[in-house]
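Peer 1: Protein chains in written order, with this note's numbering: chain G, 8 to 261; chain Z, 8 to 261. A virtual CB, placed ideally from N, CA and C, is assigned to each residue, including glycine.
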DNA sequence: TAAAAAATTTAGGCGACCCAAAGTTTACCG
DNA sequence: CGGTAAACTTTGGGTCGCCTAAATTTTTTA
């Protein structure tokens, strides 16, 4: 038997599925899990027993299933690994979502803490770095497609220079000012400069190792309440306007 | 039972081990495989039987083990996946070799053809692209380390511009000329412009989907015979001077 | 060349998965 | 309140990958 706080790849899959179902609805039922993972109901029962024995879920026969705090934390971790791979595959390698998701599912169990962190930061970096961004990815795609009529290094360098100069022009003056996070619109990104206050959101972010320098992306904004869904260091978080106002960012030129 | 020409993750591990042992010595013995994979000798026998039944290895009890053509091809594929991940982790993410190797071992079985291809090309691209290369990786490392005293996007952009201008100066004139592959020294890289001839090496490279535009890296040169070990599209190949002379490349500014 | 040593295979077992089929429990409706 | 459909669990059986211990074959060496 594997140790109490470790999970096999397949148990992590179950936990992940439960996490998603619990997030969408209130509690999970065995049938949902079976359908999601495309396994037999009876396999689910066995998995639930194991997860329950190890303290990841609250489970009693015929009862609904919820995550324990420990289970929730672990599930978040798995999801984070999945999303990090997914982001890398789709945003950097430009692989289509279906294929990316499939590969991410199989690979997510093997990513170490350190590699996960580097990967998340790499995607961040490519998206935010002035020489990265869309044009870098375009260059990459061009590199992939080239069959004979490719461009030489020299030409490529010249193009890059043009691109960067253009960008410098765009930025000069106004685009890259300092702003509170709640000023950012959907899909905009920024680099955290400062997090005001001590408790509340500041503490929460510190726990997730979100510090000045981290890149934040706004996933969604609620036009009524002003609440924000953001993505930072691979985590998805929801912030109120007040919380977001405490986070000072440098807008990314995007 | 899995289909005849598919292998489970663990069988791929065995095949990979056999490939490495056969490459190093002439033929493999069960004991070498057991030691390499840190499994019991008897587990090896079972695996050998399976691999033999599926036609990946030549095997008879008490006899030495060699790869069939099919096995050789599949093994090369696994190794290529492993190396591609390894390269990405070490060269791009700057993860240390031990950790990278461990993760690559676990992930290599889940990489699809397409993602593998994109990944190999991405590492190539990052290394060869004028805005990529060492300074991009440096920038990434800087981004990872930043704890408070990070640089702003504006400064970062300015730095990149400086860097690219400097590079353009370096290149102007002589560094980036056209040369036959055998002119490249160890660790140099180049972009294939043309492959002369029809049969022999030209055909071999075409089979591996190595075309003009592909990036070649010289791994080792034999000073006596002039033979080259190269890496291209994730494959490691050995070429004679004559073969290498048929491949025209544009030197990379490295 | 015969025994000792080493390498290899066989036999049997275990744990982690999975499924199909059969048996329980729950929820809902007339 | 019973009946039934849906949801859930249990049972029994199979695969895969690994292990140990014992038997067998090959190699070494004296």
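#1: Which chain G residues sit within Cβ distance under 7 angstroms of residue 117 of chain Z?
#2: Tell me the residue span of the alpha helix (DSSP H) that contains residue 59 of chain G.
#3: Buried or exposed, going by whether 16 or more other CB atoms sit within 10 Å of the CB of residue 245 of chain G?
#4: Counting C-beta neighbours from all protein chains within 10 Å, is the total for residue 240 of chain Z 16 or more, i.e. buried, or is it exposed?
#5: For residue 175 of chain G, decide whether its Cβ has a neighbour in chain Z, counting only Cβ atoms nearer than 7 angstroms.
#6: For residue 236 of chain G, write down the residues that DSSP places opposite it in a beta bridge.
#7: Is the Cβ of residue 147 of chain Z closer than 7 angstroms to any Cβ of chain G?
#8: Using a Cβ cut-off of 9 angstroms, pull out every chain Z residue sitting near residue 106 of chain G, in sequence order please.
#9: Taking beta-carbon pairs under 8 angstroms, can you tell me which members of the segment 212-225 of chain Z lie near chain G?
#10: What are the boundary residues of the beta strand (DSSP E) that includes residue 256 of chain Z?
#11: Can you tell me which of Z:72, Z:108, Z:255 and Z:16 puts its alpha carbon nearest to the alpha carbon of residue 184 of chain Z?
#12: Note down, in chain order, each residue of its chain lying with its Cβ closer than 7 angstroms to the Cβ of residue 237 of chain Z, except the 5 sequence neighbours on either side.
#13: Give every residue of the same chain whose Cβ lies closer than 8 angstroms to the Cβ of residue 91 of chain Z, excluding the five residues on either side of it in the sequence, and list them in chain order.
#14: Taking only three categories from DSSP, how would you classify residue 6 of chain G?
#15: With H, G and I counted as helix, E and B as strand and the rest as coil, what does DSSP make of residue 187 of chain Z?
#16: Suppose the cutoff is 8 angstroms on Cβ atoms and the five residues either side in sequence are ignored; what does the same chain contact list for residue 64 of chain Z look like?
#17: Strictly below 9 angstroms CB to CB, what residues from chain Z border residue 74 of chain G?
#18: Please check if any C-beta of chain G sits within less than 7 angstroms of the C-beta of residue 130 of chain Z.
#19: Does the CB of residue 150 of chain Z have a neighbour CB from chain G at under 7 angstroms?
#20: Taking residue 187 of chain Z as the reference, which of Z:201, Z:113 and Z:174 has the closest Cα?
#21: Do you know whose CA, among Z:164, Z:134 and Z:36, lies nearest residue 259 of chain Z's CA?
#22: For chain Z, is any of its Cβ atoms less than 7 angstroms away from the one on residue 168 of chain G?
#23: Please look up how many angstroms separate the CB atoms of residue 19 of chain Z and residue 102 of chain Z, rounded, as I've assumed it's under 8 angstroms.
#24: By alpha-carbon positions, which one of Z:12, Z:88 and Z:113 ends up nearest to residue 44 of chain Z?
#25: What is the rounded straight-line gap between the Cα of residue 284 of chain G and the Cα of residue 175 of chain G?
#26: Listed in chain order, which residues of the segment 75-98 of chain G have Cβ atoms closer than 7 angstroms to some Cβ of chain Z?
#27: If residue 107 of chain G and residue 189 of chain G are in contact, beta carbons under 8 angstroms, what's the gap, nearest whole angstrom?
#28: Determine the DSSP secondary structure at residue 198 of chain G, reduced to helix, strand or coil.
#29: Kindly list, in the order they appear in chain Z, the residues whose Cβ is closer than 7 angstroms to that of residue 102 of chain G.
#30: So which residues of chain Z does residue 172 of chain G contact, with C-beta pairs closer than 9 angstroms?
#31: Spell out whether any CB of chain Z is found under 7 angstroms from the CB atom of residue 191 of chain G.
#32: Taking only beta-carbon positions, decide if residue 164 of chain Z is within less than 7 angstroms of chain G.
#33: With respect to the alpha helix (DSSP H) encompassing residue 76 of chain G, which residues constitute its N-terminal and C-terminal limits?
#34: In this structure, what does DSSP give as the bridge partners for residue 35 of chain G?
#35: Tell me, which residues are paired with residue 64 of chain Z by DSSP?
#36: Just tell me which of G:49, G:38 and G:62 has its CA closest to the CA of residue 11 of chain G.
Peer 2: Looking at the atomic coordinates:
#1: Going along chain G in sequence order, the residues near residue 117 of chain Z (Cβ under 7 angstroms) are 110, 113 and 114.
#2: Residues 48-60.
#3: So residue 245 of chain G ends up on the exposed side.
#4: Classified as buried, residue 240 of chain Z has 16 or more neighbouring CB atoms from the shown chains inside 10 Å of its CB.
#5: Closer than 7 angstroms: yes.
#6: Beta-bridge pairing links residue 236 of chain G to G:227 and G:245.
#7: Yes - at least one Cβ of chain G is within 7 angstroms of the one on residue 147 of chain Z.
#8: Under the 9 angstroms cutoff, chain Z gives 119, 121 and 122.
#9: Residues of the segment 212-225 of chain Z with a Cβ closer than 8 angstroms to any Cβ of chain G, in chain order: 218, 219 and 220.
#10: Unbroken beta strand (DSSP E) run through residue 256 of chain Z: 254-258.
#11: Selected option, being the one with the closest Cα: Z:255.
#12: Excluding sequence neighbours, residue 237 of chain Z sits near 223, 224, 225, 226, 244 and 246.
#13: 118, 123, 126, 127, 130 and 241.
#14: No answer is possible for residue 6 of chain G: the residues shown for chain G start at 8 and end at 261.
#15: When DSSP states are grouped into helix, strand and coil, residue 187 of chain Z belongs to the strand group.
#16: Result list for residue 64 of chain Z: 22, 25, 55, 58, 72, 73, 74, 75 and 78, in chain order.
#17: Residues of chain Z passing the Cβ test: none, with the nearest at roughly 26 angstroms.
#18: Chain G contact via Cβ: absent.
#19: Residue-level contact check: residue 150 of chain Z touches chain G, since one or more beta carbons of chain G fall below 7 angstroms from its beta carbon.
#20: Nearest C-alpha to residue 187 of chain Z: Z:201.
#21: With distances taken between Cα atoms, residue 259 of chain Z lies closest to Z:134.
#22: Yes, residue 168 of chain G counts as interfacial toward chain Z.
#23: Contact flag wrong, Cβ pair sits at about 22 angstroms.
#24: Ranking the options by Cα distance to residue 44 of chain Z, first place goes to Z:113.
#25: Within the shown structure, residues of chain G are numbered from 8 to 261, placing residue 284 of chain G beyond reach of any answer.
#26: The segment 75-98 of chain G vs chain Z, Cβ under 7 angstroms: 96.
#27: Contact flag wrong, Cβ pair sits at about 31 angstroms.
#28: Assignment of residue 198 of chain G by DSSP, reduced to helix, strand and coil, places it in the strand class.
#29: Taking a Cβ-Cβ cut-off of 7 angstroms, the neighbours of residue 102 of chain G in chain Z comprise 121, 122 and 125, given in sequence order.
#30: Residue 172 of chain G reaches chain Z at 168, counting residues in chain order whose Cβ is nearer than 9 angstroms.
#31: Taking CB atoms only, residue 191 of chain G has no neighbour in chain Z less than 7 angstroms away.
#32: Cβ-Cβ to chain G under 7 angstroms: yes for residue 164 of chain Z.
#33: Residue 76 of chain G -> alpha helix (DSSP H) spans 76-94.
#34: G:72, per the DSSP bridge assignment.
#35: Looking at the DSSP assignment, residue 64 of chain Z forms a beta bridge with Z:74.
#36: Nearest option by C-alpha distance: G:62.
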